[in-house]
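Using the numbering used here, the first residue of the sequence shown is number 12, and each one after it goes up by one. We put the beta carbon where it would ideally sit given N, CA and C, even for glycine.
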Amino acid sequence: MLYQLYQAQDDLLAPIRNMAARTRFTGYPFMQAFDALTRPVDALMEMIARYQLTHTRPAWGIEEVTSGNQVVRVREEIALDLPFGTLLHFAKDIDAPQPKVLIVAPMSGHFATLLAGTVRTMLADHDVYITDW
């Protein structure tokens, strides 16, 4: 019952979100003269437009990192796939073994990809695994 109410709320607010997304001021060069007035309204419209139950999962965007003195390619591999989550491994093309690190993403409804900066930093000196719920 609760999920149906959430979905009904999401469906009812869809036209308002669409209107807010289309009334944002970013991209209009003539509005820069009124920047102090339009920025708060633009931020409010963005907040309303993003208020929804599901969001698009951002990409990891980690294709290469600097490890030691060299730039190495990074591959995203599924190490373990279970019904409740996936264990991802960011494999690098290097010969020297590095310490393994497990990053446990919070189960708070956010995507694990929000930790991409942390993963990128750890990849310089570690063999990184991360949970993806």
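Between residue i and the rest of its own chain, which residues show a CB-CB distance below 7 Å, the 5 nearest in sequence each way excluded?
i	result
valine 83	Glu75, Val76, Lys103, Asp104 and Ile105
histidine 100	Glu88, Ala90 and Tyr140
aspartate 21	Gln63 and Leu64
tyrosine 17	Leu64
arginine 28	Ile59, Ala60, Tyr62 and Gln63
Short check: CB of residue i to CB of residue j, under 8 Å?
i	j	result
leucine 98	isoleucine 114	no
isoleucine 59	alanine 31	yes
methionine 56	arginine 86	no
arginine 68	threonine 132	no
Among the options, which has the Cα closest to the Cα of residue i?
i	options	result
glycine 145	Tyr14, Asp136 and Gln15	Because residue 145 is not part of the residues shown, which for the chain are 12 to 144, the question remains open.
alanine 54	Arg68, Ala25 and Arg33	Arg33
proline 26	Arg61, Thr129, Val112 and Ala107	Arg61
alanine 70	Ala90, Thr132, Pro51 and Gly128	Gly128
glutamate 88	Gln15, Tyr140, Met12 and Tyr17	Tyr140
leucine 134	Phe122, Gln81 and Gly120	Gln81
phenylalanine 95	Gln15, Met12 and Met118	Met118
So, under 8 Å CB-CB, residue i and residue j are touching, yes? Tell me the CB distance rounded to an integer number of Å.
i	j	result
aspartate 143	alanine 116	7 Å
Opposite residue i in the DSSP bridges: which residues?
i	result
glycine 96	Leu93
tyrosine 140	His100 and Leu113
valine 76	Val83
glutamate 88	His100
What does a CB cutoff of less than 8 Å around residue i pick up in its chain, not counting 5 residues either side in sequence?
i	result
valine 130	Trp71, Ile73, Phe101, Ile114, Val139 and Ile141
To which residues of the same chain is residue i closer than 6 Å at the C-beta, ignoring the five residues directly before and after it?
i	result
lysine 111	Asp138
glutamine 109	His137 and Asp138
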